[in-house]
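Here numbering that gives the first Met the number 0 is used: position 194 in the sequence shown is 193, and no number is missing along the way. Scroll down for the structure; my scribbles are underneath it.
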Amino acid sequence: MIERDYFLRMIHMLAVVLARVLKLRETEQYDEAYDVIQQASRQFLGMDAKMLDSLSDAELIRLFALGDRFDAVKCIVAAELLRMTGELEELQGKHDDSHQTSVRSLNLYLELLFRETGAIPKEFFEKADLLIESLSSYDLPLELRQKLFRYYDHSGRYAMAEDILFDIIGEDPGILKEGVRFYERLKGKSDEDLDRGNLSRQEVESGLLELTKKIT
């Protein structure tokens with residue numbers, strides 16, 4: 000569980016960093032903006048920005064999960080610093096670098112939202128959605144699409160979850176059982192809940208039948 004006062008203090012400090020980066024970005028002082036991100040990485044994460052960039056998503060998540068609790072604040076900081084870096088790279092025409100950095104930021108955001116859903120302010124869900132939108136024209140890694148399926152399911156966007164589910168079944172047959180559990184959960188939802196998720200009860204039944212056939 001996040002300690003509220005510590006969380007709010009760190010988020011305020013992070014907002015100050017973001018404001019500085021945005022101001023420098025507006026005047027195209029990109030090197031100076033990178034320096035601010037570098038300083039923030041050292042201050043908040045205890046690591047050089049190059050190390051942040053070099054560690055894999057799995058390594059970062061393991062680092063934030065050391066001990067008996069997940070360090071959600073550090074995860075937010077890392078996700079935000081990577082998001083800022085990706086935006087700077089995009090403005091400089093470094094599209095491939097920006098894509099990779101943004102994918103890493105989104106990965107951390109989704110991990111964070113799964114682990115600390117009730118404690119995370121709505122603005123961070125919105126940041127995740129903006130990242131998803133910015134990456135919509137790219138082919139995303141399978142692991143990230145698996146997380147997106149769970150994210151959309153968790154946030155009640157059932158039709159979007161279903162679209163991703165059927166997109167990844169061919170690459171990950173192991174998700175079939177998870178897909179069956181997804182539809183079985185939806186069968187217990189009210190018609191109103193399903194309508195809000197843009198999925199009809201008939202679509203739930205047909206989706207469940209189709210996945211059940213694939214398993215048997």
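Virtual Cβ for every residue (Gly too), placed ideally from N, Cα, C. Being a predicted model, the structure only gives us computed values, none of them experimental.
Would you say residue i and residue j are within 8 angstroms of each other, going by their C-beta atoms?
| i | j | result |
| --- | --- | --- |
| I60 | E110 | yes |
| S55 | D47 | no |
| L51 | L7 | no |
| N197 | A160 | no |
| R82 | S97 | no |
| A57 | R114 | no |
| Q91 | Y33 | no |
| L105 | L134 | yes |
| I163 | L147 | yes |
| L193 | R184 | no |
Exposed or buried, residue i, counting other C-beta atoms within 10 Å across all chains shown (16 or more means buried)?
| i | result |
| --- | --- |
| T26 | exposed |
| I250 | Missing from the structure shown is residue 250; the chain here goes from 0 to 215 and no further. |
| I214 | exposed |
| G66 | exposed |
| E209 | exposed |
| F165 | exposed |
| L44 | buried |
| A18 | exposed |
| Q141 | The sequence shown places Leu at residue 141, rather than the Gln named in the question. By the 10 Å Cβ count, L141 comes out exposed. |
| M0 | In this prediction, M0 scores a pLDDT of 49, lower than 50, which makes its location untrustworthy; no coordinate-derived value is stated. |
| G178 | buried |
On a CA-only basis, which of the options is nearest residue i? Give me that one, please.
| i | options | result |
| --- | --- | --- |
| D171 | R144, S136, R41, G155 | R144 |
| Q38 | Y182, L198, V15 | V15 |
| R216 | Y108, G187, P120 | With the chain running from 0 to 215 in the structure shown, residue 216 is simply not present. |
| R195 | K176, Y151, E89 | Y151 |
| L207 | S53, D192, K186 | K186 |
| M9 | A77, P140, D138 | A77 |
| E204 | K93, R24, Y182, K212 | Y182 |
| I119 | K73, E142, G85, E89 | K73 |
| F69 | R24, R103, L112, K212 | L112 |
| K49 | E191, T84, L139 | T84 |
| L137 | S189, S154, D95, S53 | One detail in the question is off: residue 137 reads as Tyr in this sequence, not Leu. The shortest Cα separation from Y137 among S189, S154, D95, S53 belongs to D95. |
| L13 | S189, V35, R3 | V35 |
| E89 | E202, D4, R24, D190 | R24 |
| R156 | K188, H11, E31 | K188 |
| L139 | D190, R103, G173, E122 | R103 |
| F216 | E202, A64, S154 | No information on residue 216 is available, as it lies outside the stretch 0 to 215 that the chain covers here. |
| E31 | L87, E191, R3, Y5 | L87 |
| S53 | E132, K121, Q99, R3 | Q99 |
| T211 | E132, R3, R180 | R180 |
Step through the CB atoms of chain D and report whether any lies within less than 8 angstroms of the CB of residue i.
| i | result |
| --- | --- |
| T100 | In the displayed structure, chain D is absent; only one protein chain is listed. |
Q: Give, in chain order, every unbroken run of the alpha helix (DSSP H) that is at least 4 residues long and sits entirely within the region 136-186.
A: 141-153, 157-167, 175-186
Q: Report yes or no: do three or more beta-carbon pairs, one from the region 126-134 and one from the region 159-175, lie closer than 8 angstroms?
A: no
Q) In the region 36-99, which residue ranges form an unbroken beta strand (DSSP E) of at least 3 residues, counting only runs that do not cross its ends? A) none
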